[in-house]
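One line per chain: the protein sequences are V and W, in this order.
Under the numbering used here, the first residue of the first sequence is numbered 71, with each subsequent residue one higher.
Under the numbering used here, the first residue of the second sequence is numbered 1466, with each subsequent residue one higher.
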Amino acid sequence: MTSIPQRINPLQRWRNMSARTKKEHLAGYLFISPWLIGFVFLIAGPVIMSFFVSFTRWNIVGDPHWVGLRNYHRIFTADRNFVQALKVTFRYAFFYLPLTTVLALSAALALNAKVRGVGIFRSFYYMPYMAPQVAATLVWMWMLNPRYGLINVMLGWIGIQGPNWLNDPKTALFGLMFIGLWGVGGSAIIYLAGLQNIPQHLYDAAEVDGANTWQQFRHVTLPMLSPTIFYVLVIELIGVFQTFTTSFVATGGGPMKSTLFYMLYIYNKAWVSLRMGYASALAWILTVIILILTLLILKSSALWVHYEAEKK
Amino acid sequence: MAATTSQHTPRFSLHFWRKVRNYAVLVLLALFFMVPFYAMVSTALKTEEQLFQIPPAWIPHPFAWENFIQVFKEVPFGRFILNSAFLVTVNVIGQVLATSLVAYGFSRFRFWGRDVLFVILLATLMIPKQVVLVPQFILFAKLGWVNTYLPLTVPAFMGSAFLIFMVRQYMMSIPLDLDEAAMIDGASRWQILWRIIFPISTPILVLVVIFTFVDVWNDFMGPLIYLNDPLKFTVSLGLSFFQGAKSTSWHLLMAAVMMAMIPPITLFLIAQKRLLGGIASAGIKG
């Protein structure tokens, strides 16, 4: 940064270029133009537009009416469904995130064992993740059928009268959790890759020091895996806040709004009531919530995520 | 999972019990993942009377194969399959073309603002879906594209940021010497792309095909928002309406669900080595 030449304006710089360099610049833009067009029209444009639409009342058919902060004001002061949607989504996240982490980790640890036939189990664990979500939801609706579903039949074997699952406001949300957990293979595979990246010599050293299996897990596996856990946790968190298909198909948000996920509420406002402005305001609030939660996890990560590269 | 031995226990029996424990855990978890598949298949093969037997029959007797034919009579399921297949094909073509062109541009050209644009591309991975959903719909509605396949296909020709990133990383690992040698032989940049880079990138483009296939086949919200005409429905969308149509006939519904699951799961079983490797490395790098 010693001898910066006097600033040449881009136009002049362009004129000074050789024909070949000019061609190189143009060709580069030509090749990335599909993405560039998509970025302008499908991402950047819509994001800016969404922001402005959130200050309007608009049913698409007519012209948008500028209403200032009224959408936001109403959401925060008079919208009971907004509060309900937040409650449902947070409640789900509160139970689901620990459950999915433990299950995915257990699956990954089991798959990391060096035993014959482990490849078949890996396929088994991952298969549900590949299934269309609608299909998975329908399968679990049948599994959770209070009378004929396998879950309650199996509970019956051990003398438990199974609940009404999706038909009962108290249990419906937990019923939906089965569908999410069934697809845990996706995260398990990422954990498995993380496990396989842990150098064997760390375990050897721990063993020399007399660490038992649990101590090895606690002091070698967990810290070495914490960056992966952090990554998966953020992805899962964003996923929970965008949960839509399962509740739309299985319960439609009911019974008694007990599964009214935030995303479902946005959908209802935009495509059932055709209130595009209100729905956009809801979407921005959700975005801010996700952002804050991600930042909180990021901040907390200093306490529990261990980066090998940091020490060097 | 290193095998430990203590002085007091004979090596053999410790190993043996460790193995038994490993398999026990593996099987227990496998039950959770596989029992729903079993329930789906067995229900799909039951007659209506068998459906409501208590206790339920573990293996349907006789097998009601006719359920699979009945599905096609009750709803235009064949039509749904064709529609999904069409959308998958167009999307796959679009993504392969777009991702290889864009990735080639990012990995092989020096142009003004390239690195900033690439960072922007990565940043778009974090753009929340819910924010762009409504304005995209308004845009497509104003273009008169609602109830057509255009909103569900055209975006593929602009490339998904995630797939572009994946292909670009791969192309970055192809040595530049190859390009230079071809250039000395008088090849144009186009020829270098199609004759050299494209063939070498086949493994990663196969991954693009698989990801796109599964994404489009499984997509629910897109078709739900944009399609009104039942004859244009995809398999996923069709299934969700099948459910409420009559007082749910679970045996037929499960037969349909099974058929909806077959393409992505078969694809997974065929390509699982490459797929799981790709996902794992994408996950770690992400």
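Note that CB positions come from ideal geometry on N, CA and C, so glycine has one too.
Beta-carbon gap between residue i and residue j smaller than 9 Å
i: V/Y261; j: V/L295; result: yes
i: W/P1521; j: W/T1512; result: no
i: W/S1666; j: W/V1632; result: yes
i: W/V1557; j: W/A1495; result: no
i: V/T316; j: V/T147; result: no
i: W/G1651; j: W/V1540; result: no
i: V/V319; j: W/A1725; result: no
i: V/G255; j: V/Y196; result: yes
i: V/F311; j: V/L356; result: yes
i: V/Y162; j: V/M247; result: yes
i: V/L272; j: V/L236; result: no
i: W/N1487; j: V/V185; result: yes
i: W/F1576; j: V/H135; result: no
i: V/I360; j: V/L307; result: yes
i: V/D250; j: V/Y166; result: Sequence inspection shows Gly at residue 250 of chain V; the Asp mentioned does not correspond to that position. Against a cut-off of 9 Å, the Cβ pair of V/Y166 and V/G250 comes out as a contact.
Outcome for residue i when other beta-carbon atoms lying within 10 angstroms are tallied against a minimum of 16
i: V/P116; result: buried
i: V/M326; result: exposed
i: W/A1489; result: exposed
i: V/A372; result: exposed
i: V/P269; result: exposed
i: W/F1528; result: exposed
i: V/Y332; result: buried
i: W/W1482; result: exposed
i: V/I118; result: exposed
i: V/Y377; result: exposed
Reduced DSSP secondary structure (H/G/I, E/B, other) of residue i
i: V/T126; result: strand
i: V/H135; result: strand
i: W/V1596; result: helix
i: W/S1653; result: coil
i: W/T1713; result: coil
i: V/G250; result: helix
i: W/D1580; result: helix
i: V/T321; result: coil
i: W/T1699; result: coil
i: W/M1591; result: coil
i: W/N1548; result: helix
i: V/K240; result: coil
i: W/A1522; result: coil
i: V/R150; result: helix
i: V/F300; result: helix
i: W/M1466; result: Legend: pLDDT at W/M1466 = 41, less than 50; position of this residue unreliable, value from coordinates given subsequently. Of the three classes helix, strand and coil, the one that applies to W/M1466 here is coil, per DSSP.
i: V/K369; result: helix
i: V/N86; result: helix
i: V/Q312; result: coil
i: W/V1752; result: Nothing about residue 1752 of chain W can be read from this structure; chain W reaches only from 1466 to 1751.
i: V/V204; result: helix
i: V/T329; result: coil
i: W/I1730; result: helix
i: V/L361; result: helix
i: W/L1704; result: helix
i: W/F1574; result: coil
i: W/W1753; result: Residue 1753 of chain W falls outside the range modelled here, since chain W spans only 1466 to 1751, and no answer is possible.
8 Å Cβ shell around residue i - same chain, five flanking residues per side excluded
i: V/I276; result: Going by the sequence as given, residue 276 of chain V is Ala instead of Ile. Here the set comprises Q285, Q286, H289 and V290.
i: W/G1687; result: P1616 and L1617
i: V/L265; result: A178, L179, N182, T291 and L295
i: W/P1695; result: P1541, G1703 and F1706
i: W/I1433; result: Nothing can be reported for residue 1433 of chain W: it is not among the residues displayed for chain W, which extend from 1466 to 1751.
i: V/W84; result: K92
Presumed contact (8 Å Cβ cut-off) between residue i and residue j, rounded CB distance
i: V/S343; j: V/L243; result: Rounded, the Cβ-Cβ distance is 24 Å, inconsistent with contact.
i: W/M1671; j: W/R1739; result: According to the sequence displayed, residue 1671 of chain W carries Val and not Met. Contact flag correct, Cβ pair sits at about 7 Å.
i: W/A1721; j: W/F1574; result: About 48 Å; that fails the 8 Å criterion.
i: V/V153; j: V/L330; result: Their Cβ separation, rounded to whole angstroms, is 10 Å, which puts V/V153 and V/L330 out of contact at 8 Å.
i: W/L1552; j: W/T1699; result: 6 Å
i: V/P216; j: V/G232; result: 7 Å
i: W/V1596; j: V/S176; result: Their Cβ separation, rounded to whole angstroms, is 35 Å, which puts W/V1596 and V/S176 out of contact at 8 Å.
i: W/P1501; j: V/W105; result: About 39 Å separates the two Cβ atoms, so there is no contact after all.
i: W/I1661; j: W/D1644; result: 7 Å
Contacts around residue i, its chain only, beta-carbon distance under 7 Å, and the 5 residues preceding and following it disregarded
i: V/A263; result: none
i: V/S124; result: N141, G347, S350, A351 and W354
i: V/A340; result: M346 and A349
Own chain residues within Cβ distance below 6 Å of residue i, not counting five before or after
i: V/A155; result: L330, Y332 and Y335
i: W/M1719; result: M1505, T1508 and A1509
i: V/A174; result: V254, S257, A258 and Y261
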